[in-house]
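Student:
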Amino acid sequence: MPGLDLLATFVEIYRCGSLSAAAERLGLTQPAVSGQLARLEEELGETLFVRSRHGAAPTARAADLAARVGTRIDELRAAMRPSSGLAAHVGTVRVAGPGELMALRVLPTLAPLTTRGLRLQITLGVAAELLEQLAAGQTDLVVSAVRPGRQDLAATPLIDGEFVLVGPPALARSVDPVRLADDPVQALAHLPLVAYADDLPVVRRYWLSEFGGRPPNVVAVTVPDLRGVLAAVVAGAGVSALPRYLVEQALAAGSVELLHEPAAAPLNTLYLAVRAGALVHPPLALVHDRLRTRARLWGPL
């Protein structure tokens, strides 16, 4: 039967997607990790990874083995660690999420942990891609606006985000308030849109939630970054639906105005997603718990 050290190294390679990243996480040299993997493959009589310049792609046998032993290795590691809470602060945690939320809320929340020995590796992207990376072991925790529907991933609700419809003052003044109350779709139809993507994910959701249909408006700008969307709105390119936390300063400064004030704003729940069983890792559990507890202090999103 393969030794626990070989299986532990295998699990890290599987989760990290490369031998070099696994070596860094384990505190070993890359040749040592490569040697342990070679021994395990020899004992099993099967190839576990296909190596390339892009990393180590797991074979079907590797995926099956990781599913069988990954959680058990995590439990053994947790049992062998000293009980002191100081151990939770040592290690690297790979955290991923949307750029604007990471910059404005997540990083300021987690940064103080680095003074106690924790290392953070941040990845930015869209939820679907980041959840795939999480399942593949390429990141440890995803702050996601999408609840994962996979059994190998676990999600904890973090906080509800609120969307608001905003535009520059000049465009806001062009909206007839009487018509807005009677027929909001037509009252807003002349306004160009600034969108995150061609399928208008955020804007479309706002229109469907509040007005019961898709927006008929012309799309003036598409930019795959909500901070870029806000910048285009401030510059006068059009209007958009954005998270409240992102536009708070612009609203306070008067560079954008609310175009519509519903009785209950559309909400979007954010989740903390991890691989099932991964929270036995003290550094990851520390990050997870800090985000959950500190999110209550973030104010309206």
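Read in order, the letters of the sequence shown are residues 9 to 309 in my numbering.
All C-beta atoms, glycine included, are put in the ideal place defined by N, C-alpha and C.
1) Nearest CA to the CA of residue 84: which residue from 294, 288 and 225?
2) Per DSSP, residue 57 is paired with what?
3) Of all the options 54, 250 and 207, which has the alpha carbon lying nearest to the alpha carbon of residue 268?
4) Return the CA-CA distance between residue 224 and residue 197, expressed in angstroms with no decimal places.
5) Mind checking who residue 129 pairs with in its DSSP beta bridge?
6) Around the Cβ of residue 245, are there at least 16 other Cβ atoms within 10 angstroms (buried) or fewer (exposed)?
7) Exposed or buried, what is residue 120 when buried is set at 16 or more other beta-carbons lying within 10 Å of its beta-carbon?
8) Just to confirm before moving on: does the CB-CB distance between residue 126 and residue 105 stay below 8 Å?
9) Which stretch, first to last residue, makes up the beta strand (DSSP E) that contains residue 247?
10) Which one or two residues does DSSP pair with residue 203 in a beta bridge?
11) Which ranges does the beta strand (DSSP E) cover as unbroken runs of at least 3 residues, wholly within the region 147 to 182, from first to last along the chain?
12) Is residue 4 helix, strand or coil by DSSP?
13) Apply the 10 Å Cβ neighbour rule to residue 186 and answer buried if 16 or more other Cβ atoms are within range, or exposed otherwise.
14) Tell me which residues share the same chain as residue 284 and place their Cβ nearer than 6 Å to its Cβ, disregarding the 5 neighbours each side in the sequence.
15) Consult DSSP for residue 267 and reduce its assignment to one of helix, strand or coil.
16) Please report how far the alpha carbon of residue 231 lies from the alpha carbon of residue 129, in whole angstroms.
17) Looking at the unbroken beta strand (DSSP E) that takes in residue 275, where does it start and where does it end?
18) Could you spell out the range, first to last residue, of the alpha helix (DSSP H) harbouring residue 26?
19) Whole angstroms are fine: how far does the CA of residue 270 sit from the CA of residue 13?
20) Kindly list the residues whose CB is nearer than 6 Å to the CB of residue 282, restricted to its own chain and excluding five residues on each side of it in sequence; keep chain order.
21) Beta carbon of residue 102, beta carbon of residue 131: below 8 Å?
22) Report the rounded CA-to-CA distance for residue 136 versus residue 65, giving the unit in angstroms.
23) Taking the alpha-carbon of residue 73 as reference, which of 62, 56, 264 and 113 has the nearest alpha-carbon?
24) Rounding to the nearest angstrom, what Cα-Cα distance links residue 254 and residue 175 in this structure?
Tutor: Concretely, from the data shown:
1) Start at 1 with the first residue of the sequence shown, and residue 84 comes out as number 76. The candidate whose alpha carbon is nearest that of residue 84 is 288.
2) Taking the first residue of the sequence shown as position 1, residue 57 is located at position 49. Answer by DSSP bridge pairing, in chain order: 66.
3) Taking the sequence shown and counting its residues from 1, one reaches residue 268 at position 260. It is 250.
4) As a first step, residue 224 must be located in the sequence shown, where it is residue number 216. As a first step, residue 197 must be located in the sequence shown, where it is residue number 189. Rounded to whole angstroms, the gap between the alpha carbons of residue 224 and residue 197 is 6 Å.
5) The count along the sequence shown starts at 1 and reaches residue 129 at position 121. Beta-bridge analysis with DSSP links residue 129 to 102.
6) To locate residue 245, count along the sequence shown from 1; it is residue 237. Label assigned to residue 245: buried.
7) In the sequence shown, the residue the question calls residue 120 occupies position 112. Exposed, because fewer than 16 other Cβ atoms sit within 10 Å of the Cβ of residue 120.
8) For this step, residue 126 is matched to residue 118 along the sequence shown. For this step, residue 105 is matched to residue 97 along the sequence shown. Cβ distance not < 8 Å, so residue 126 and residue 105 don't count as in contact.
9) Sequence index remark: in the sequence shown, residue 247 carries index 239 (1-based). That residue, residue 247, is in no beta strand (DSSP E); it is neither H nor E in DSSP.
10) Along the sequence shown, one-based indexing puts residue 203 at 195. Note: residue 203 sits in a beta bridge opposite 230.
11) DSSP runs (the beta strand (DSSP E)) wholly in the region 147 to 182: 149 to 152 and 161 to 175.
12) Look at the range of the chain in this structure, 9 to 309, and you will see that residue 4 is not part of it.
13) Residue mapping note: residue 186 aligns to position 178 of the sequence shown, counting from 1. Residue 186 comes out exposed.
14) By 1-based counting over the sequence shown, the position of residue 284 is 276. If we look at residue 284 and ignore the five residues flanking it on each side, its Cβ neighbours are 160 and 162.
15) For the purposes of this step, residue 267 is identified with residue 259 of the sequence shown, where counting begins at 1. Here DSSP, grouped into helix, strand and coil, assigns residue 267 to strand.
16) Locating residue 231 in the sequence shown gives position 223, where the first residue counts as 1. Locating residue 129 in the sequence shown gives position 121, where the first residue counts as 1. Residue 231 and residue 129 have their C-alpha atoms spaced approximately 25 Å apart.
17) Locating residue 275 in the sequence shown gives position 267, where the first residue counts as 1. Unbroken beta strand (DSSP E) run through residue 275: 275 to 283.
18) Position 18 of the sequence shown, counted from the first residue, corresponds to residue 26. In the DSSP assignment, residue 26 falls outside any alpha helix (DSSP H) and carries neither an H nor an E.
19) On the sequence shown, residue 13 is found 5 positions in, with the first residue counted as 1. On the sequence shown, residue 270 is found 262 positions in, with the first residue counted as 1. So the alpha carbons of these two residues sit roughly 58 Å apart.
20) To locate residue 282, count along the sequence shown from 1; it is residue 274. Around residue 282: 149 and 162.
21) What you label residue 102 is simply residue 94 of the sequence shown in a count that begins at 1. What you label residue 131 is simply residue 123 of the sequence shown in a count that begins at 1. It is a contact, given that the beta carbons lie within the stated cut-off.
22) To locate residue 136, count along the sequence shown from 1; it is residue 128. To locate residue 65, count along the sequence shown from 1; it is residue 57. Each residue's Cα considered, the two are about 20 Å apart.
23) In the sequence shown, residue 73 corresponds to position 65, counting from 1. The residue with the shortest Cα to Cα distance from residue 73 is 56.
24) By 1-based counting over the sequence shown, the position of residue 254 is 246. By 1-based counting over the sequence shown, the position of residue 175 is 167. Whole-angstrom Cα-Cα distance: 13 Å.
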